[in-house]
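Heads up, the sequence shown is in this note's numbering, so the first residue is 144 and it goes up one at a time. Let me begin by presenting the structure, written as structure tokens, before commenting on it.
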Amino acid sequence: MKHTRNSTTWRILAILMVFGTFVSCTKNFEKINTPWNGSTTASPQQLYTGFLSNLFTTYGDQATMNGWWYPISQQGIVYTRGDYSYDGGPASEWTNFYHNLSNYNTMMDVISARPDSATFTNLKAMMKVLRAYQAIKLTNFYGDMPYFKAGFAYNGNSANYKVPYDKQQSIYVACLNDLAWAINHFSASDGSQVSLGSADLILQNNIPQWIKFANSFRLRVALTMYDKDQADATPHIADALNKPLLTDYSTDNVGFYPSNVPNLDLGGREFSFGQEARLRMGTTMWKLMSSNNNLDGSGIFDLRCKIFFEPNNAGQWNPFPQNPTSGSITDGGDPYNKGIRDKDWANKNGNGNPPTVNNYANFNYYWGRDKNIPELFMTAAEVHFLKAEVYIRGIAGIGINPSTAQTEYNAGIAASLNFWTQQAINSLVWIVNKPAGLPSSADITAYQQNSAVRFDSSNPSNGLTQIYAQEWIDLFRQPWEAWTLMRRTGGKTPMETTNSGYYTQTYGSYQRVQYPDSEQSYNFTNWKAATSGGDLMSTKLWITK
């Protein structure tokens, strides 16, 4: 099912659509790579805003996230498996990325041709970071894909219309090198550099923050590929640890924030939760957040449980079996119905409670409804967990250091608890059971010292499992990243052990996303060379351990 954004959505961001599409065309790969006919005098700043317009999470992405990524990553479950069609899901990510490659390459040409090209170094660095971010996200869906020769068709050379697929490993290495270039070329002190100001909808032209983001993302990318290519990953990990990283839960969380993007349309959240009314809290997450199965929630010890989820309409914390032993288990109700849930939505005077009977606890309705929750790229909490992994494994030439790993682990927990509670406080529509304030230091310490959470510094293997578990929880609104974490660690993220055969049979074969159908139609020769004619979802990505 495909949906498009209405005109109101982009009223404030009209410039994004104007310049975001003049180097773009329609969905299929051949048309994406046909010469563009837009203005040849677009400024680098305009091309940058065009690039940003293709980074927003689309309706299809949201539906795929809630219907697919959660049960595959086991961060949630659907009580009946949905239609596993990717049309309109990551296929839109694919289209947007190749539009952006055109934007990127055009910008580099425009800057190179200007006599003041040296004043655009910061902007070039931003673009390299964002291209790397989008490329890594996409290759973690699909694997091999066109990259190095893609996005050049605007120059009119027909050889650039249909280009070969590049190996995931080579894309990873290239992105790491781009990130290193950006980190080393950003300048916060050069007054001659062109400033985007508020037109930079991500970090408001805050160059020190850009350096932190680029370096933190480099750490994530290098760790993701470490077990497959230590030679290329190791120097990046070592260097990243010696440069600024995202560490402050209150300021160092990167993404699209509504405060930077007025009238940002997050309607895809409502759509996806509404379409996937089957989405429920599963036993995998529940067992990490509650010490018992008491329906009144008296066993809950993780503050994020009541932020990420809510009880059924009877007030019961009843998780849906992650791996049900009976195919007849189902659930009713529509806990994501905004017409009834919102207290005064469209003057319908809802009461803020789930409208119909659902037997099992569901995802917090307000995460789907609220438009004040950011679209995240990376959090400070994740960076702490990545650092903890480095120290407990002793990789990149660093000896195993359980003490430092524990410090980073606890810092990650504190950052996560504070960040997600703050997002709940910021909610504009949450009424029932909304947190009143940030957790106290005693609350955080109590959680860190809980027997199910307390870091096992005496056993690096156990400590590593704990790190992955907490990182996995923090990635709750980025389930595609949790899926990547699961694959690159060899399945060491939390998994339900009861009736594990159900998961293997139902979700275990999903290792990647199939290429958009248009690839077979318009880039067939290269598609066939990449897939050997069998575009199988069971084919493991290069990063998979």
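Glycine is no exception: its CB is placed at the ideal position from the N, C-alpha and C atoms.
Next item on the list: Classify residue 298 as buried or exposed, calling it buried when 16 or more other Cβ atoms lie within 10 Å of its own Cβ.
Entry: With fewer than 16 other CB atoms across the displayed protein chains lying within 10 angstroms of its CB, residue 298 is exposed.
Check: Among all the DSSP beta bridges, which residues are the ones paired with residue 617?
Finding: According to DSSP, residue 617 bridges with nothing at all.
Item checked: Cα-Cα separation between residue 524 and residue 467, rounded to whole angstroms -> Residue 524 and residue 467: Cα-Cα distance of roughly 32 Å.
Next item on the list: Would you kindly work out how many angstroms separate the C-alpha atoms of residue 513 and residue 567, rounded to a whole number?
Entry: Distance between the alpha carbons of residue 513 and residue 567: 10 Å.
Next item on the list: Count the CB pairs spanning the stretch 298-308 and the stretch 665-673 that are closer than 8 Å, and state whether there are at least three.
Entry: With the rule of 3 Cβ pairs closer than 8 Å, the stretch 298-308 counts as touching the stretch 665-673.
Check: Going by the CB atoms, is the gap between residue 456 and residue 476 shorter than 8 Å?
Finding: Pairing residue 476 with residue 456 gives a Cβ-Cβ distance under 8 Å.
Item checked: Helix, strand or coil at residue 422 [DSSP, three-state] -> Looking at residue 422 - three-state DSSP - the assignment turns out to be strand.
Margin query: Bridge partners for residue 521 per DSSP, in chain order?
Written below: Bridge partners of residue 521: 397.
Margin query: Three or more C-beta pairs under 8 Å: does that hold for the stretch 353-371 against the stretch 309-318?
Written below: In short, these stretches touch, since the Cβ pair count reaches three.
Item checked: Cβ-based neighbour list, residue 301, same chain, cut-off 7 Å, excluding 5 preceding and 5 following -> Exclusion of the five residues before and after residue 301 leaves no residue of its chain whose Cβ lies closer than 7 Å to its Cβ.
Check: Which residues share a DSSP beta bridge with residue 221?
Finding: Its beta-bridge partners are 422.
Margin query: Do residue 394 and residue 102 have their beta-carbon atoms positioned less than 8 Å apart in this structure?
Written below: The structure shown does not extend to residue 102, since the chain spans only 144 to 688, so no value can be given for it.
Item checked: Contained alpha helix (DSSP H) runs [length at least 4] in the stretch 223-299, N- to C-terminal order -> Those alpha helix (DSSP H) runs which fall completely within the stretch 223-299 and span 4+ residues are 233-256 and 264-285.
Item checked: Euclidean distance between Cα positions of residue 396 and residue 292 -> In this structure, the straight-line span from the alpha carbon of residue 396 to that of residue 292 is close to 33 Å.
Next item on the list: List the residues that DSSP assigns as beta-bridge partners of residue 433.
Entry: Residue pairing by DSSP puts residue 433 in a beta bridge opposite 443.
Margin query: Buried or exposed, going by whether 16 or more other CB atoms sit within 10 Å of the CB of residue 354?
Written below: With 16 or more other Cβ atoms within 10 Å, it is buried.
Item checked: Contacts around residue 187, its chain only, beta-carbon distance under 6 Å, and the 5 residues preceding and following it disregarded -> Take residue 187, set aside five residues on each side of it, and the residues of its chain with a beta-carbon closer than 6 Å to its own are 250, 253, 254, 263 and 266, in chain order.
Check: So, residue 384 versus residue 359, is the Cβ gap smaller than 8 Å?
Finding: Going by beta carbons, residue 384 and residue 359 fall outside the 8 Å limit.
Note to self: Between which two residues does the alpha helix (DSSP H) holding residue 326 run?
What the structure shows: Counting along the chain, the alpha helix (DSSP H) containing residue 326 begins and ends at 311-328.
Next item on the list: Locate the alpha helix (DSSP H) running through residue 464, then write down its first and last residues.
Entry: Looking at the DSSP string, residue 464 is not in any alpha helix (DSSP H), and its letter there is neither H nor E.
Note to self: So, with DSSP's three-state summary, where would you put residue 505?
What the structure shows: Three-state DSSP puts residue 505 in a strand.
Next item on the list: Hey, could you find the ends of the alpha helix (DSSP H) residue 623 is sitting in?
Entry: Unbroken alpha helix (DSSP H) run through residue 623: 622-631.
Notebook entry, point to check: Can you tell which of 625, 277 and 437 has its C-alpha closest to the C-alpha of residue 211?
Noted result: Relative to residue 211, the option among 625, 277 and 437 whose CA is nearest is 625.
Notebook entry, point to check: Rounded to the nearest angstrom, how far is the Cβ of residue 577 from that of residue 570, given a contact under 8 Å?
Noted result: Indeed they touch by this definition, with Cβ atoms about 7 Å apart.
Next item on the list: Taking only the alpha-carbon atoms, compute the straight-line gap between residue 613 and residue 528 and give it to the nearest angstrom.
Entry: About 8 Å.
Margin query: Let me confirm a value: residue 214 is counted as buried when at least 16 other C-beta atoms fall within 10 Å, else exposed. Which label applies?
Written below: Buried.
Check: Taking the Cβ atom as the reference point for each residue, do residue 223 and residue 473 lie within a distance shorter than 8 Å?
Finding: Against a cut-off of 8 Å, the Cβ pair of residue 473 and residue 223 comes out as a contact.
Item checked: Pairwise C-alpha distance: residue 665 and residue 173 -> Reliability fails at residue 173, whose pLDDT of 38 lies under 50, so the model's placement of it is uncertain and the value that follows must be treated cautiously. For the pair residue 173 and residue 665, the Cα-to-Cα distance works out to about 5 Å.
Next item on the list: Helix, strand or coil for residue 662, going by three-state DSSP, please let me know.
Entry: Looking at residue 662 - three-state DSSP - the assignment turns out to be helix.
Checklist line | Nearest to residue 445 (by Cα), restricted to the options 244, 454, 438 and 434 | finding: Answer by Cα proximity: 434.
Checklist line | Three-state secondary structure (DSSP) of residue 532 | finding: Helix.
Check: Apart from the five residues on each side of it in sequence, which residues of its chain come closer than 8 Å, Cβ to Cβ, to residue 551?
Finding: Here the set comprises 527, 528, 530, 531 and 534.
Margin query: Using a 10 Å radius around the Cβ and a threshold of 16 neighbouring Cβ atoms, would you call residue 643 buried or exposed?
Written below: That one is exposed.
Margin query: Just to check my reading of the structure: residue 581 and residue 564 have Cβ atoms closer than 8 Å, yes? What is that Cβ distance to the nearest angstrom?
Written below: At roughly 5 Å, the Cβ-Cβ gap stays under 8 Å, so residue 581 and residue 564 are in contact.
Item checked: Cβ-Cβ separation, residue 631 to residue 688 (assumed contact under 8 Å), whole Å -> That pair is a contact at about 6 Å.
Next item on the list: Output the distance between the C-alpha atoms of residue 166 and residue 364, rounded to the nearest integer angstrom.
Entry: The predicted position of residue 166 is uncertain, since its pLDDT is 35 and thus under 50; a value taken from the coordinates is nonetheless stated next. Whole-angstrom Cα-Cα distance: 28 Å.
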